[in-house]
Each structure stands twice: as structure tokens, then as C-alpha cells.
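Numbering (the working numbering), first residue to last: -7 to 668. Every residue gets a Cβ at the ideal spot worked out from N, C-alpha and C, and that includes glycine.
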């Protein structure tokens, strides 16, 4: 380490504070509610090699701390002072951007003609074009449907706006004033960061600045490696599911093997499903992308909260992400809902780590983050207005020392905030009927899971579209640990104008609604930790009085009898005496829906199916997956065998019918002339 330790500590704190000042400048000058209220934004100081050395803790998205920007930086051989590059395309930015609404900008910082670092910012734009207002919907199956694709390109050259690029972008988005307002906020942040970096160099000197920039990364790496060395060596496997991909009824399998060896972690996602014909894919470029590993950041920061917050902490982590899988899709797969997949993937990661650290890792949370997009006709009748009503979440899982948090799952993703209901109702034609916690949704346990939320609103305008992207856990519960029960499933309900009751919607793609329709979204609760009947009855009473658990739920789930707002000690003792803990097959309580599903789709049969699929040409995998899955489910319904032999027999029969297609896929194609 070259830097004096005292100087290094001061500069590490300054790097973070500069980044936080950049973040607040984006939020305060941003144009849309999703930026200035919700704070769906990110900023950073980045080395010329593409590693983040300055990152905020208190503002914006925390997930992207190890985002590799090297490929995007290499898009240009030369930079001038005042250049600003813009991009939103994962496929041409080396996965720096992970979906099109995340508009990224970066600016080189020079000192006396020498490139010393880059300043970086991004915001989630409410709309970047595409086939639906808000750009994102699960049913998109190729990236061209999701909006304008911007490869790394200079929006500013020597601080002069490139008017041609500007007009091209603004002509392809639905609300250009919103996009330009947020973009100007990011440009402001880049310039703020540049000014502060030059002030640091003036105060501490260029040599100390450059050495500290590298040493802070090395220091975080060393501390992370020391933490990893405390985790028992071994390979820990787990898998979880997306409920389905909206385009079909088939659950999406997300598998991981976490290998701890000495002071390093390797995460192998072999066994995860092939990429989908819907928007739940991630283009990770085969890198340790944040959406694959971000939960480890939370683990490290929980163990040592004072660890410097930069990309060095994730250097000890490597990945295997099979090309053509849902965790490393290939062009032109749709990638708009990579958040939904990434959040659920982290449940698999934590399910694996719980085997190594059962006293440290909590039960599963709701695995849900739902920006509720509301699109309505503009007052002029020309175009649409697009707003995010609320970013909904659910409960976190209970752990060995505490209950889960309410309505705060995936808290490690972001410092995102709720939108004030006054702002929601003033900016959109929606009237909120209910927004609060959902009783009895937290998984029962010695330490209860956190509650989900209920968000109900009435539509006040005609011809509106509501997209509750990311609404998950409608099928499979968040799992519990060590005898704790799973959290309650999520639910989507619609009551049409004039109807007496709500109807359940299986999955929200794009719900069309008009005046008087009411939409109710209920998110999942977190899983419980430990046996529910071991919970202190007084704590159950407190939960009832606080509205987290109903009186009926207290008796049913905890054996705690409450009468007239007081604990009935004698009745509780009697109710608990006959209780026998549920038989557990292992560490995790997976829930009846998943256990029933895996009577057919055992790990062995699932692996056999995925082996078949990845032996095929990539374009055929999704089709074959659907046919074999449905054939096996048909055998289940007819009470026929559903073992590997049955799967292989079905594949042999299907292959006969597809032989010509397979031969055509494998055959070399003649060169075609490009269109004039």
C-alpha cells in the first residue's frame, strides 16, 4: 500500500462524500418523480480501468457497486475534456447498462491534460420508447420492443451538446421533456463530481489521489477476503423459481452452487433455465455482474459495516454464467425485467449461503420490487403521460435474532423511497384507497417474517394501462428457515366499474383500465425463522395490537389465545400443549406449492431437462422446454411415471419430429447479401 494510512482513510471518506453529493444533485434537480421522489438513480467515481472507487451509501441504488465499466470506456480511443458519453444498451456497453430505461452517462476527468478518472451517473427513465408506455412489460420477447437502443456515443463533445444525437433520442421517447430534465440533472452531477475531484487533487496532490484510488480498492478486497476466510469451505447448492415468465405457465428455475474456498467465492449458475421469450433475462456478458452477486455485498456489510464501499469488496467473487441462459442471455433477448429475475436469483444465493451460515442468513423475503407504472392519455389528447405510482416491496425474512422488516424487502438494492400519496394523486389520474401493511402476511416463526403491503387505487381517466412489473411470489411462497413457515403469497386483484367484487389476476402484464376500475396489489410477506410455537406469547400479543397479526392468526399460527385485547395465558398453555412441530426435510421450509411441484421436477429430472436443452441450438431451447414440460405435466395429471426415463422417452419421440429442424440449425448457411 502506497498511501499513508491516515491520508487513505480521509480520501476514502471524501470519495464517498463526493459521490453522495453527486447523488443528491441528481435527486434535487431531477425532473420526474421516479428521480426526485423515489431516487431510482446511481452515481460513482470510476477508475480509468472501469472500477468504482467512490460510491454513495445514503442515496440511490446500492446494487451496482461492482459494475464493470471497462468495455464502455473502451468504446472510444480518445477523450477530450468536456466529453460526455451516453448509453443505455447492455449489448453494446459490455453490460454496463442492464436494461434500456437505465440511461447511463459518464465524463472523463483530466488534470493538466492527464486522464485521472471518470464521473458516472444514471437514472431510471420512466419511458424510453418501445411498444408500451413505460417501455417495460413482461411479454416483450426481444430488445427492439423495449425502446431506443443507444450504444456508447458522445452526447457532448468538449461541453457542446451534439444536437443530432439529442434530437434522435428525444424523438423516440414518449415524454421528451421528462427525459431531458432528468438527463440535465445527470450532466449536472457529472460536473459536480469533476469539480470536487479536482479540488481533492489540488489539496492532496495528484500522486496521493492516484495511489489512494487504487489502494482503497485493494483495502476493501483484503477485508472482504478476510471475511470469506471465516465461512466454512464447501459447495452449497440451492435453487428457487420465478412463478412463470408470463409468456407461459412454466416456472423459471434459477439454480446456484456457491463454492467457498479459502478467501474466495465462486458462484456457478449452471442448472438455470435457458433464456426466455419474455423480458426476465439478464445480459451479464459472463462477468460477475451485480445482478448475479449483489447479495454478497449485503453479507459483507452486515458483518463489517465500516468496510469501505467500493468495487474492491467484490473482487474475490467469480462466476460461471452459461451463455444463452436466463442469467447470461444473448442478443436480441428482451432484458427489461432483469430486476425481477435478479432479485429472485438472490433468494437462491441466500438459500445456499444459509447452509454455511444458518445463524446469520435470514429466511427468504418477498423477493418483490414492483414499480407500479400508470400510463394515461395526456390532457391534450396527444400522446400519454407516464408515472410510477409507488415502488412496492414486501417483508424481509426473520433471522436468528430478530423479526423481519415490514415492506422493506430488497432493502439492500436501494435507498428508494415511497412516493408521497399527495404527489401520486396530483401527478396521475389515480385515487388511492388503501396503502398499508398486510396483516398475517409475515411467515410465522420464533422470529416472524415482515409483512407485505396492500396498495389499492381507483382509476380516474379513460384508456389507462397499469403495469405492475416484478409482481412475484404469487405461486411459490418465500421459504422459511429452521421450522419457520413461509410468508404469504402475493396477489393481484381487479374490480371493474360496477362490479360487486374483485377478481384475481394471475399475473400483471399490462392491465387495461378505465374510469371507476379499482386495482389492488398485495405483496408477499417474508418467511419465518424457527418454530412459531416457540415465539414468546407476549410478542404475539404485541403483533396483534400493532395490527401485524390478526387474533385468528395468533391462535392458528402461534397457539396464542387473545381475548378482549389481552393474553389468555391458560388457554394459550392448553393450545400449545398438543402442538407437534411440523416434520422438516431439511433446513428450508419450502411450502406446499413448491413441494408438490417438485414431486415431478426433482433436482435430478430438472438437471436432465436442462442438459437436453443446452445441447440444442439456442433458438430451439425455449420451444423444446415448453413441449417437454407440458408433456411431463400431462403424465403427472394422468398419474403416469415422471422420472428421467419418462423424460428421455418423451425427448426421443419429440426429436423424431424435429430432426429436420435440428439438421437445418446445424447446417452452415449460405452468405446473404446485405440489403441496399
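Residue 12 and residue 464 have their C-alpha atoms spaced approximately 32 Å apart. Going by beta carbons, residue 250 and residue 311 fall outside the 8 Å limit. With contacts defined as CB atoms closer than 8 Å, residue 234 and residue 244 qualify as a contacting pair. Here residue 582 is not bridged, per DSSP, to any residue. DSSP, reduced to helix, strand and coil, places residue 494 outside both helices and strands of the structure shown, so it counts as coil. Under DSSP, the beta-bridge partners assigned to residue 260 are 249, 312. Straight-line spacing of the CA atoms in residue 364 and residue 518 works out to 21 Å. For residue 228, the three-state secondary structure derived from DSSP is strand.
Distance from the CA atom of residue 53 to the CA atom of residue 491, rounded to whole angstroms, is 40 Å. Restricted to the stretch 360 to 439, the alpha helix (DSSP H) segments that are unbroken, complete and at least 4 residues in length are 413 to 419, listed in chain order. In this structure, residue 28 and residue 22 form a Cβ contact; the two beta carbons are roughly 4 Å apart against a cut-off of 8 Å. DSSP places residue 103 in the strand class (E or B) of the three-state scheme.
For the pair residue 32 and residue 552, the Cα-to-Cα distance works out to about 42 Å. By the neighbour-count criterion, in which a residue is buried when 16 or more other Cβ atoms sit within 10 angstroms of its Cβ, residue 507 is exposed. Contact between the stretch 389 to 396 and the stretch 424 to 442 is established, with three or more Cβ pairs separated by less than 8 Å. Residue burial annotation: residue 91 is buried, with at least 16 other C-beta atoms found within 10 angstroms of its C-beta.
Given a length threshold of 3 residues, each whole run of the beta strand (DSSP E) inside the stretch 18 to 71 is given here in chain order: 33 to 38, 44 to 46. Contact between residue 276 and residue 313 holds, with the beta-carbon distance rounding to 5 Å and staying under 8 Å. Proximity of the stretch 42 to 60 to the stretch 213 to 231 falls short of the contact definition, fewer than three beta-carbon pairs being nearer than 8 Å. When secondary structure is reduced to three states using DSSP, residue 603 falls in the helix class. In the assembly as shown, residue 287 is a buried residue. Its beta-carbon has 16 or more other beta-carbons within 10 Å. When beta bridges are read from the DSSP output, residue 519 appears opposite no residue. Ranked by Cα distance from residue 353, the first of 633, 388, 4 is 388. Between residue 420 and residue 382, the CB-CB gap reaches or exceeds 8 Å. 592 is the residue among 429, 149, 592 whose C-alpha sits nearest the C-alpha of residue 629. The DSSP-derived three-state label of residue 241 is coil. Under the criterion of beta carbons closer than 8 Å, residue 120 and residue 93 qualify as touching, at roughly 5 Å.
When only Cα atoms are considered, residue 281 and residue 335 end up about 13 Å apart.
Our two residues, residue 623 and residue 612, have alpha carbons roughly 17 Å apart in a direct line.
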